[in-house]
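**Q**
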Amino acid sequence: MAELKEIRNLGILAHVDAGKTTLTENMLLLSGRIKSAGNVNKGTSISDGMTVEKQRGISVRASILTFDWKGVQINLIDTPGHVDFSAEVERSLRILDCAVLVLSAVEGIQAQTEPIWDALEALDIPVILFINKIDRAGANLDALLGSIRRALSQDLILLNRPINEGEPGATTAELDQVGDDSLIEMVAEHQDALMEKYLNGEEILPDEIERAITQSVATRSLFPVLMGVAKNNIGTRELLDRIVGYFPDGRGDADGDVSGVVFRIDHDEKLGRVAGVRLYSGQILARDSVINTTQDREEKITQVKRRALDRYVDLEVLTAGDIGYLCGMPAVRIGDVLGDPGPVPQGYVLSEPLLSVQVIPEDVSELTRL
270 MAELKEIRNL GILAHVDAGK TTLTENMLLL SGRIKSAGNV NKGTSISDGM
320 TVEKQRGISV RASILTFDWK GVQINLIDTP GHVDFSAEVE RSLRILDCAV
370 LVLSAVEGIQ AQTEPIWDAL EALDIPVILF INKIDRAGAN LDALLGSIRR
420 ALSQDLILLN RPINEGEPGA TTAELDQVGD DSLIEMVAEH QDALMEKYLN
470 GEEILPDEIE RAITQSVATR SLFPVLMGVA KNNIGTRELL DRIVGYFPDG
520 RGDADGDVSG VVFRIDHDEK LGRVAGVRLY SGQILARDSV INTTQDREEK
570 ITQVKRRALD RYVDLEVLTA GDIGYLCGMP AVRIGDVLGD PGPVPQGYVL
620 SEPLLSVQVI PEDVSELTRL
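Per the numbering used here, the very first residue in the sequence shown carries number 270; after that it's consecutive.
1) Do I245 and G608 have their C-beta atoms closer together than 9 Å?
2) Does DSSP put Q213 in a helix, a strand or coil?
3) On the three-state DSSP scale, how would you describe K500?
4) On the three-state DSSP scale, how would you describe K569?
5) At 4 residues or longer, what runs of the alpha helix (DSSP H) sit wholly inside the stretch 555 to 604?
6) Please say whether K466 and E458 have beta carbons closer to each other than 9 Å?
7) Below 6 Å CB to CB, which residues in the same chain sit around I281 once its five sequence neighbours on both sides are set aside?
8) With three or more beta-carbon pairs closer than 8 Å as the criterion, would you say the stretch 373 to 383 touches the stretch 401 to 420?
9) Please state the DSSP three-state secondary structure of A287.
10) Straight-line CA distance for L365 to I394?
11) What is the rounded straight-line gap between the Cα of R547 and the Cα of N278?
12) Checking the sheet assignment: what are the DSSP bridge partners for D535?
13) Quick check on the DSSP output: what are the complete alpha helix (DSSP H) runs of length 4 or more inside the stretch 448 to 498, in order along the chain?
14) For K402, I'd like the list of residues in its chain whose CB is within less than 7 Å of its CB, leaving aside the five on either flank, ordered along the chain.
15) Any idea if G545 is buried or exposed, counting beta-carbon neighbours within 10 angstroms, 16 or more meaning buried?
16) Could you give the first and the last residue of the continuous beta strand (DSSP E) run that contains L607?
In structure tokens, the structure reads:
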């Protein structure tokens, strides 16, 4: 079995209409996973596969999309931005190692932005901020950055700057880190060795700055900020580079005891009940037996799958750090822990529901159609 690549279990989070699904489409396009980017308004986006999503132009369920960038496997979770579907965001938060928080350059911080930020902070998840739609009339980056510093964090590190903001032809230019004293000072505040070199007037090399930023991002001491225009694919490549460069590897101990959590349940016409699982430790193969610790029962895994855009494909083995789909667990529920509960992080509740409703068919055989 080939050695597992580095992994980033990445969440794309935002208030509705900030442009995260469009950003996701362009990530898939640049990685070669798709040949042309879908359009949310036309109902052709890959991550919005449900009929209601195509009709409404919004995400209702979280979508898991896997692709490679520079030799790193990215399991991207595109989450709904509408407050009515916060439960999908809650389930996704539990399985993330890192996140991109998307904000509109015009609307800025919105109703869902701060609750999402609070959740990422509580779960200690590293974050990159992507400011989208810098080409729209009314975009004011200085004002928005001020709002972010007041409401979210002071510890922002700008990686690019807008050119012609607020105009249809807006683009970006990367900031030069070498010789930028304000940037070096900010990074050095969180790295003692770097601060000592800076105070002594010694030369600080670009690689040293990059390493310091990477360490500070992993500990949530710094939050990189990138700007772009998702619909024009401006800023996407730079964002992907930072995702694999700054965020920590999500792989776990493949030789350890099995430890995972069920974060979604799908119903497939051919496969039946399919459980989406994030594995934190160990390995799971087809025909393995695992203990459902939550329900105190043994589960017999019949098939191990990965989601490949609009279909399931066979996966030889689900390995620590990865996300896969398991068949053969007829009574499994969202939130069930498989194996050792120790490595599995606690869940997070964004908001308490005002009303709970359940719809079930009279005949269980109709469940897939429902």
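We treat Cβ as the ideally placed atom computed from N, Cα and C, and that holds for glycine.
**A** So, to answer that:
1) The displayed coordinates of the chain run from 270 to 639. Any statement about residue 245 would go beyond what the structure contains.
2) Given a span of 270 to 639 for the chain in the structure shown, any question on residue 213 remains unanswerable.
3) On the sequence shown, position 231 is the one that residue 500 refers to. Helix, per DSSP.
4) The residue labelled residue 569 in the question sits at position 300 within the sequence shown. In the structure shown, K569 adopts extended strand secondary structure according to DSSP, grouped into three states.
5) DSSP assignment within the stretch 555 to 604 yields no whole alpha helix (DSSP H) run of 4 residues or more.
6) Start at 1 with the first residue of the sequence shown, and residue 458 comes out as number 189. Start at 1 with the first residue of the sequence shown, and residue 466 comes out as number 197. Judged by their CB atoms, E458 and K466 are not nearer to each other than the 9 Å cut-off.
7) The sequence position of residue 281 within the sequence shown is 12, counting from 1. Contacts found: K289, T293, D347 and V369.
8) Taking 8 Å as the limit for Cβ pairs, the verdict is that the stretch 401 to 420 does touch the stretch 373 to 383.
9) Numbered from 1 along the sequence shown, position 18 holds the residue referred to as residue 287. Correct three-state label for A287: coil.
10) Residue mapping note: residue 365 aligns to position 96 of the sequence shown, counting from 1. Residue mapping note: residue 394 aligns to position 125 of the sequence shown, counting from 1. L365 and I394: Cα-Cα distance of roughly 7 Å.
11) The count along the sequence shown starts at 1 and reaches residue 547 at position 278. The count along the sequence shown starts at 1 and reaches residue 278 at position 9. The alpha-carbon of R547 is positioned some 9 Å away from that of N278.
12) On the sequence shown, residue 535 is found 266 positions in, with the first residue counted as 1. D535 pairs with V543.
13) Counting whole runs of 4 or more residues, the stretch 448 to 498 contains the alpha helix (DSSP H) stretches 450 to 457, 461 to 468 and 475 to 487.
14) Against the sequence shown, residue 402 aligns to sequence position 133. Excluding positions up to five away in sequence, the list reads G288, S373, A374, V375, A408 and V498.
15) Walking along the sequence shown from the start, residue 545 turns up at place 276. G545 should be labelled buried.
16) Reading the sequence shown from its first residue, position 338 is the one you call residue 607. Boundaries of the beta strand (DSSP E) around L607: V606 to G608.
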